[in-house]
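Asker:
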Amino acid sequence: MELTMRSLKFGAAGMRGIVGRGLTPEAVTNFAAAFGTFCAGEPVMVATDSRVSSPMLKNAAIAALSSCGCEVVDAGIMPAGVVHYLIPRLKLKGGLLIGGGHQSSGWNAMIPLGSDGAYFNALRQRELLDIYHSNRFRSAAWDRLGKVSALPVGAVSEYWDALSGRVDAAAIRRAGLTIIVDYGNGAGAVLHEQLAERFGLNVIAINDRPNGFLPRDPEPRPRAGSPLRSIIKPLHAALGGVFNSDMSRLEIVTDQGEPLSEELTFPLAADYWLSRRPAGAGVVVNSCSSRTLEEVVAARGGRLEKTRVGQASVIDALKESNAQLAGEGAGSFACCDWVKGFDALYALLVVVEAAAVRGKTVTELVQALPRYRIVKRTLPCLTAHAYALIRRAKQLFPTAELSEVDGLRFDWPDGWLSIRLASTDQVIRLIAEADRPEIAREREMTVRTFLEREMNL
115 MELTMRSLKF
125 GAAGMRGIVG
135 RGLTPEAVTN
145 FAAAFGTFCA
155 GEPVMVATDS
165 RVSSPMLKNA
175 AIAALSSCGC
185 EVVDAGIMPA
195 GVVHYLIPRL
205 KLKGGLLIGG
215 GHQSSGWNAM
225 IPLGSDGAYF
235 NALRQRELLD
245 IYHSNRFRSA
255 AWDRLGKVSA
265 LPVGAVSEYW
275 DALSGRVDAA
285 AIRRAGLTII
295 VDYGNGAGAV
305 LHEQLAERFG
315 LNVIAINDRP
325 NGFLPRDPEP
335 RPRAGSPLRS
345 IIKPLHAALG
355 GVFNSDMSRL
365 EIVTDQGEPL
375 SEELTFPLAA
385 DYWLSRRPAG
395 AGVVVNSCSS
405 RTLEEVVAAR
415 GGRLEKTRVG
425 QASVIDALKE
435 SNAQLAGEGA
445 GSFACCDWVK
455 GFDALYALLV
465 VVEAAAVRGK
475 TVTELVQALP
485 RYRIVKRTLP
495 CLTAHAYALI
505 RRAKQLFPTA
515 ELSEVDGLRF
525 DWPDGWLSIR
535 LASTDQVIRL
545 IAEADRPEIA
555 REREMTVRTF
565 LEREMNL
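Take any residue in the sequence shown, count from 1 to its spot, add 114: that is its number in our numbering.
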């Protein structure tokens, strides 16, 4: 029982867990029934990434939603950005996105989305979980069970039409660029041909079979981009794009084969995006985002707002703060007049457009950005007193500027350090960034030594 509880987690983006331990058909059925009850039996969408477990979870979810009287639009394997777009377009009450995103193969998740296609805010999350834990769900009569239908013909084409209007498609087409994309055998592979056709790109794809088997770490970080390092230059590609399994995250690999840190992909796109908008645009980031982004926003005359870590928290702040752009250290981003979620396809095209319009290589675009050195560590923390432990770390840097938006963040003129308890794992996450690597390592070591000593007392 203890193992099951550790393997099933509820958070800002719904329910996630290890399939077969915590994330069982029973848990999925109850969660979907709670969602159907929350939606009062109105029409909803269900979509998945390509993981081996996703069809099983989808079937359990559809059965529960049908029992609540919900008509279900089965979108099949579909990237997250398309799902965020289609839910309001089809005037649905909401949707369930089934996909593990950046987590390892054994994990999967049930992510509830509202009628606007966005993640649930904190109030809706609590209401949904209250229904789930009450175990009292809506039950339709035998002759009023919800029917299941496929996506309307042309629905995905509408997404491509809208996406083409978001970027300078003509400039991209004229540039005739070659790009390499690594879908990680995820959901993005189902739209591979449309990406090439719509924008006149020569798209070379690897890991483009959505068969459920993840060939690499699904989180787009530098080591995930390493396979592209050796082929980008010989193939004369302008850039590479590395995606997670549901296409909500992105890593860029430069034309010189440098896999960029996930902390650099969003600033690279944001610099161009903000340059095409009037000054004063609001930008939302999480409290652990790189100072590179802060400097990009300041240089473009924008205003920055920091919030808690997690895509749901960032999107929620985007809607509430009247900001125009939102992202975090996941490469992708969202904007107020596009889908209410992270769409890595859009993020990729913004970078492609920047190279095409500015007539520069991605390497040259990156060289124009301020660069910092970042160190990341995780510490296992099984104690029930983790928050008290982190709070005691406030004493370590008395002269630094302190923020408690999410855990602790210390700021100095030359960098910053964050200490926070992870929402999906029993670990404490340490991130230190500075203009010199030895400074970042020294600060991270100070905190790590303190925490390890306190945990062993």
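By construction, the Cβ of each residue, glycine as well, lies at the ideal position given by its N, Cα and C atoms.
If you're wondering where the values come from, they're calculated on a predicted model, not measured in any experiment.
On a CA-only basis, which of Leu291, Ser401, Glu377, Ser404 is nearest Leu349? Give me that one, please.
Answerer: Comparing Cα positions, the closest option is Leu291.
Asker: For Leu261, which three-state DSSP category applies?
Answerer: Checking the sequence, you will find Lys at residue 261 rather than Leu. Coil, per DSSP.
Asker: Taking the straight line between their C-alpha atoms, what separation do you get for Gly445 and Arg258?
Answerer: If I take the Cα positions, the gap works out to 44 Å.
Asker: Could you spell out the range, first to last residue, of the alpha helix (DSSP H) harbouring Pro551?
Answerer: 551–569 is the span of the alpha helix (DSSP H), which, as asked, contains Pro551.
Asker: Beta-carbon within less than 7 Å of Pro329's beta-carbon, same chain only, minus the 5 sequence neighbours each way: which residues are those?
Answerer: Excluding residues within five positions, the ones whose Cβ falls inside 7 Å are Gly298, Asn299, Asn321.
Asker: Pairing CB atoms from the stretch 415–423 with CB atoms from the stretch 505–520, are three or more of them under 8 Å?
Answerer: Yes: the two stretches touch, three or more of their Cβ pairs being nearer than 8 Å.
Asker: Which value, in whole angstroms, describes the spacing of the CA atoms of Glu116 and Leu171?
Answerer: Because the pLDDT of Glu116 is 35, which lies under 50, any placement of that residue in the model is unreliable, and the number read from its coordinates should be weighed accordingly. Their backbone Cα atoms lie some 22 Å apart in a straight line.
Asker: Answer with buried or exposed for Gln540, where buried requires no fewer than 16 other C-beta atoms within 10 angstroms of its C-beta.
Answerer: Counting Cβ neighbours within 10 Å, Gln540 comes out exposed, since fewer than 16 surround it.
Asker: Note down the Cα distance separating Gly208 from Ala236, rounded to an integer number of angstroms.
Answerer: Distance between the alpha carbons of Gly208 and Ala236 is about 16 Å.
Asker: Within 8 Å, do at least three Cβ pairs link the stretch 198–217 to the stretch 349–363?
Answerer: Yes, the stretch 349–363 is in contact with the stretch 198–217.
Asker: In whole angstroms, what separates the C-alpha of Leu378 from that of Trp221?
Answerer: When rounded, the distance between both Cα atoms is 27 Å.
Asker: State the Cα-Cα distance for the pair Phe572 and Ile345, rounded to the nearest angstrom.
Answerer: Coverage of the chain is limited to positions 115 through 571, which leaves residue 572 absent and any answer about it impossible.
Asker: Would you please state the rounded distance, in angstroms, between the beta carbons of Leu206 and Ser229? I believe it to be under 8 Å.
Answerer: Contact holds; Cβ gap of about 7 Å.
Asker: In or out: His198 buried (at least 16 other Cβ within 10 Å) or exposed?
Answerer: That one is buried.
Asker: Do Tyr486 and Leu535 have their CB atoms nearer than 9 Å?
Answerer: Contact flag unset, no.
Asker: Among residues of its own chain, excluding the 5 on either side of Ala303, which ones have a beta-carbon nearer than 6 Å to its beta-carbon?
Answerer: Hits under 6 Å: Tyr297, Asp322, Pro324.
Asker: Who are Thr421's beta bridge partners in DSSP?
Answerer: Paired residue(s): Asn400.
Asker: May I ask you to report which of helix, strand or coil DSSP gives Thr368?
Answerer: Coil.
Asker: Select from Thr162, Ala177, Val489 the residue whose C-alpha is nearest the C-alpha of Ala189.
Answerer: When each option's Cα is compared against that of Ala189, the closest is Thr162.
Asker: On the DSSP bridge list, what partners appear for Ala236?
Answerer: Paired residue(s): none; Ala236 is not in a bridge.
Asker: Along the chain, where does the alpha helix (DSSP H) that runs through Gly195 open and close?
Answerer: Per DSSP, Gly195 belongs to the alpha helix (DSSP H) from 194–203.
Asker: Round the Cβ separation of Thr492 and Arg567 to the nearest angstrom and send it over; I've been treating them as touching at under 8 Å.
Answerer: About 17 Å; that fails the 8 Å criterion.
Asker: Tell me where the alpha helix (DSSP H) around Gly150 begins and ends.
Answerer: Gly150 -> alpha helix (DSSP H) spans 139–152.
Asker: Taking the alpha-carbon positions, what's the Ala254 to Thr368 distance?
Answerer: Rounded to the nearest angstrom, the two C-alpha atoms are 54 Å apart.
Asker: Thinking Ala148 and Tyr246 are a contact (beta carbons under 8 Å), I'd like their distance in whole angstroms, please.
Answerer: Correct: roughly 4 Å between the Cβ atoms.
Asker: Taking the alpha carbon of Ile545 as the reference point, which residue from Ala154, Arg405, Gly326 has its own alpha carbon closest?
Answerer: With distances taken between Cα atoms, Ile545 lies closest to Arg405.
Asker: Is the stretch 452–466 touching the stretch 271–285 in the sense that three or more CB pairs, one from each, lie closer than 8 Å?
Answerer: Segments in contact, yes.
Asker: Could you compute how far the alpha carbon of Phe234 sits from the alpha carbon of Leu227?
Answerer: Cα to Cα, Phe234 sits roughly 6 Å from Leu227.
Asker: CB-CB under 8 Å to Pro341, same chain, minus the five flanking residues each way: which ones, in chain order?
Answerer: Taken in chain order, the residues that qualify are Asp296, Ile320, Arg330.
Asker: For the putative contact between Gly231 and Pro202, defined by C-beta atoms under 8 Å, what is the C-beta separation to the nearest angstrom?
Answerer: Their Cβ separation, rounded to whole angstroms, is 5 Å, which keeps Gly231 and Pro202 in contact under 8 Å.
Asker: Please determine, among Tyr386, Asp275, Cys495, the residue with the shortest C-alpha to C-alpha distance to Ala482.
Answerer: Checking every option, the nearest Cα to that of Ala482 belongs to Tyr386.
Asker: Quick one: grab the DSSP three-state call for Asn173.
Answerer: Looking at Asn173 - three-state DSSP - the assignment turns out to be helix.
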